[in-house]
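K.L.:
Sharing a structure below in structure tokens format, with a few things to ask.
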Ligand SMILES: NC(=O)c1ccc[n+]([C@@H]2O[C@H](COP(=O)([O-])OP(=O)(O)OC[C@H]3O[C@@H](n4cnc5c(N)ncnc54)[C@H](OP(=O)(O)O)[C@@H]3O)[C@@H](O)[C@H]2O)c1
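In this note's numbering, the protein residues as written are 3 to 318.
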């Protein structure tokens, strides 16, 4: 493993300077790493626009943030359900209406380990629909403003990209056959990560240096992820794991996405996350990614399949 360029402690939010005048749009801030990322960005003076599906939970999150940081913080919520393409389109339109710059879009929200196969209203397998297709459309719709702002797109993936089939099941994207919670979750996170590197290639080809795109993951963090969508058995397993040193607080899980959203001179071709035990915990930095996540033939085809499925066509 190469030396961490941020030293022994790895990257920490202490490196973030004053963010007054900057705007960050984050999906999924009602709990977990998204909440912590919002809190830290707000504490540095940034404006944060949350995109959440549940207005009551959003209000509660905003209240907690104001109680912690003060009423002066610049935080707002726009309702968006990533499981519904129409909702993503409506929310993106509202963002473009209300916000004049986006320094980074943090694609953080997700569901995981959904025990039985479910379809979204758009007939996508639920994890693929929420985690990948929802963010694919959101990124495309917000791209013009991110480009105008010379901003970033940050995708929160998972080490799950390296589990399951380790490729995209093009002949059965929605798991009509052989569904398992883990295989479908892993495919959705692999799809998200592959799309980052594919976007970089497309930007390069178009000679577009205005937008930077990064892939990261939170390692193994104590959040609500499994308790929201996992099976009883998964909840038990993760409940026990939470007691072990193989997990870290949600705050630490937010560091990789915060680093990708704010740190200067980061290599876009890298994969960012904890660099300690099994990359589950520990100092944050770059670490190796398996070649299947950058398989060009697969990522190109995935991009085309995603455009067709969502009906959103990028300009390059
Ligand atoms: N925790 C880990 O160890 C771990 C490991 C690998 C990867 N990750 C990744 O880390 C990211 C953050 O997850 P977390 O661990 O912080 O989990 P979390 O505490 O469950 O947070 C997930 C967030 O996503 C939101 N969300 C879920 N479905 C949504 C939808 N359809 N539309 C809009 N928002 C939706 C949730 O909102 P509600 O409150 O409405 O449910 C919540 O705010 C995810 O991308 C996850 O895949 C986490």
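Using N, Cα and C, we set each Cβ at its ideal position, and we do this for glycine too.
1. Please give me, in chain order, every unbroken run of the beta strand (DSSP E) with length at least 3 that falls completely inside the region 95–156.
2. Just tell me which of 58, 91, 191 has its CA closest to the CA of residue 111.
3. Check for me: the beta strand (DSSP E) holding residue 80 runs from which residue to which?
4. Using a threshold of 7 Å, is the CB atom of residue 31 nearer than that to any non-hydrogen atom of ligand 1?
5. Is the beta carbon of residue 105 sitting closer than 8 Å to the one on residue 153?
6. What is the DSSP secondary structure of residue 53, reduced to helix, strand or coil?
7. Can you tell me where the alpha helix (DSSP H) holding residue 187 begins and where it ends?
8. Less than 7 Å separating the Cβ of residue 79 from some heavy atom of ligand 1?
9. Please state whether the Cβ-Cβ distance between residue 295 and residue 196 is less than 8 Å.
10. Skipping 5 residues on each side, what residues in its chain have a beta carbon closer than 6 Å to that of residue 119?
11. Using the three-state DSSP reduction, which class does residue 169 fall into: helix, strand or coil?
12. Is any heavy atom of ligand 1 found at a distance shorter than 7 Å from the C-beta of residue 233?
13. To the nearest angstrom, report how far apart residue 229 and residue 55 are at their CA atoms.
14. What residue from 138, 207, 238, 170 has the CA that sits closest to residue 155's CA?
15. Give me the Cβ distance between residue 25 and residue 36, rounded to the nearest whole Å; I'm assuming they're in contact under 8 Å.
16. For residue 18, which three-state DSSP category applies?
17. Which word fits residue 173, buried or exposed, when buried means at least 16 other C-beta atoms lie within 10 angstroms of its C-beta?
18. Between the alpha carbons of residue 220 and residue 276, how many angstroms are there, rounded?
19. Given the structure, does residue 278 come close to ligand 1, in the sense that its CB is under 7 Å from one of the ligand's heavy atoms?
20. Does the region 158–169 come within contact of the region 81–100, defined as at least 3 CB pairs closer than 8 Å?
21. Secondary structure at residue 7, three-state DSSP: helix, strand or coil?
22. Roughly how many angstroms separate the alpha carbons of residue 69 and residue 43, rounded to a whole number?
23. In the DSSP assignment, the alpha helix (DSSP H) including residue 257 goes from what residue to what residue?
24. Is the number of C-beta pairs between the region 10–17 and the region 122–137 that are closer than 8 Å three or more?
25. Could you give the DSSP three-state label for residue 289: helix, strand or coil?
26. Where does residue 27 fall in DSSP's three states?
27. My assumption, with CB atoms under 8 Å, is that residue 171 sits in contact with residue 189. Please give the rounded CB distance.
28. Rounded C-beta distance between residue 53 and residue 95? I'm assuming under 8 Å.
29. Kindly indicate which residue of 84, 293, 288 has the alpha-carbon position closest to the one of residue 268.
30. Hey, quick one: how far does the alpha helix (DSSP H) through residue 299 stretch, first residue to last?
P.N.:
The relevant details are as follows:
1. 106–109
2. 191
3. 76–81
4. yes
5. yes
6. strand
7. 183–207
8. no
9. yes
10. 177, 181
11. coil
12. no
13. 17 Å
14. 138
15. Not really, about 16 Å apart at Cβ, beyond 8 Å.
16. coil
17. exposed
18. 7 Å
19. no
20. no
21. coil
22. 16 Å
23. 252–264
24. no
25. strand
26. strand
27. 6 Å
28. That pair is no contact at about 12 Å.
29. 288
30. 298–312
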